[in-house]
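One structure below.
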Amino acid sequence: MSTSRVASNLTALLLCSAMVLTACASAENSEDAADHARPHQVETSEDSTTANGNGRTVQANEKVWPRWDPRDVDQLPAASDEIATALPSTIEPPESSPLLADQPTGSAVLAVERAGVAQLRSPEGAWRRVPLDGRNHRIQLSPRGTRFAVSYYSDQEYWLTIHDVRTGSAQTLSSPKPPSEGNSWFFLNERKLLIGGGRSAYVVAVDRGTVQKQPYRFGLSQTVDPSGNVLVSAQWAEPNVLTDYRAATPREVSMRLTGRLSSIRAGGNRVVGTSYDKRPFALIVADRKTLTPQTSLPLLDFQGNYSNWGLSTLALDDEGCVLLRVAVIGKGKSGFRVVAWNPSSGRLSIVSSTDLPVAAQV
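In structure tokens form, the structure reads like this:
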């Protein structure tokens, strides 16, 4: 799998982190797949449901894997070399590296922030440094890794600095929204940012600095698919629907069958997210058009840590492979793991490990 596919295939967006990732391999070693327990599967009519041993209702033909305890993450095997090939097995940025402004790298697959300094890793493994100004900030890479953005906010101001990884140059953009509205933002593509919060959202063109108001209303979770289309999972106080802006007319799809979804990602005709809505905590892959669950992985939610902060989705590729960020939780433990889950085989494996604090922006 080529490095170019790393950049073009996925939009990997998460609350405190951003990575540009490769697609997961669609083929699995048959011996690896045989190591996993067989899933529960309901073989009934399309409209029927049944309860499984985990205490939740499953849909007809939904594949339900045995519950996994994320505290056992370090017992997982290493992922195949064909999964997320641009990510290192260990995320360990150096103490220092050359300035991006002096030595641009063309693109980045990983960004790490520590002590007011960000470091970017190229597909070839070179690190570059971007000093931050020390104020409240959040970092993110664009889908293809050619741009690195940092948002800053204070009581009176909210702005973004966009670094061009290809040239090392930087520019500052003012936010069209006041800080009081609780801004969220992410890249739609290499040229545009979406900034939202409250009841309004705006697309900002990075090169021209132009601003265009959009109909999006951010919710419990929002994401952008590889084609730049936005999806929004509604807040708890709102109707239980996921709004899909892929077509000219937005579609509202009921989340009754999945439960209200958090940490959503979308790719092709699938949506993945986590849910603990009237059911045990689980990772669910659903049909994008109807949100009918196709595959699910129940998760042991130790003291509510994983549903609140310890586990989130990173990406969903065209073949349905899901990348997760899983915190290492336990006495004297720290760090997190990038985990690949293949819904077809049930295989879980570790792509990358790091001892950086779980709160680190990566």
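Residue numbers (our numbering): 38 to 399.
Yeah, the Cβ is synthetic: ideal placement off N, Cα and C, and Gly gets one too.
Just so we're clear, the structure is a prediction, and the values are computed from it rather than from any experiment.
Own chain partners of residue i with C-beta closer than 7 Å, once the 5 adjacent residues on each side are dropped
i	result
His174	Val187, Ser188 and Tyr189
Ala242	Arg228 and Lys229
Member of the options whose CA lies at the smallest distance from the CA of residue i
i	options	result
Thr332	Gly233, Val95, Thr94 and Lys100	Lys100
Ala155	Val146, Arg165 and Glu161	Arg165
Ser191	Arg203, Ile199 and Asp170	Asp170
Tyr195	Pro180, Gly205, Ser211 and Asp201	Ser211
Arg104	Ala397, Leu320 and Ala396	Leu320
Close beta carbons around residue i, own chain, < 6 Å, minus the five adjacent residues each side
i	result
Ser390	Thr127 and Arg374
Val267	Tyr253, Val261 and Tyr282
Gly256	Val269, Ser270, Ala271 and Gln272
Ala138	Gly205
Thr198	Val187, Ala207 and Thr209
Where residue i falls: helix, strand or coil (DSSP)
i	result
Asp109	helix
Trp102	coil
Gly233	strand
Ser344	helix
Ser67	For Ser67, the predicted model reports a pLDDT of 34, less than 50, meaning its position is unreliable and no value from the coordinates is stated.
Phe373	strand
Leu393	coil
Phe339	helix
Glu150	strand
Ala60	In this predicted model, Ala60 has a pLDDT of only 38, less than 50, meaning its place in the structure is not dependable; the value taken from the coordinates is given anyway. Correct three-state label for Ala60: coil.
Cβ neighbour criterion (16 or more within 10 Å) applied to residue i
i	result
Gln177	buried
Ser312	buried
Gln112	exposed
Leu334	buried
Asp338	buried
Leu279	buried
Leu136	exposed
Gly234	buried
Residue i Cβ short of 7 Å to the ligand COA heavy atom set
i	result
Leu294	In the structure on display, the ligand COA does not appear, and there are no ligands present to speak of.
Own chain partners of residue i with C-beta closer than 8 Å, once the 5 adjacent residues on each side are dropped
i	result
Ser133	Arg166
(request) May I ask you to verify whether the stretch 362-372 touches the stretch 129-146, counting CB pairs closer than 8 Å and requiring at least 3? (result) Contact annotation: the stretch 362-372 does not touch the stretch 129-146, with fewer than three C-beta pairs closer than 8 Å.
(request) Tell me, please, whether the stretch 321-329 touches the stretch 293-306 by the rule of three or more beta-carbon pairs shorter than 8 Å. (result) Yes, the stretch 321-329 touches the stretch 293-306.
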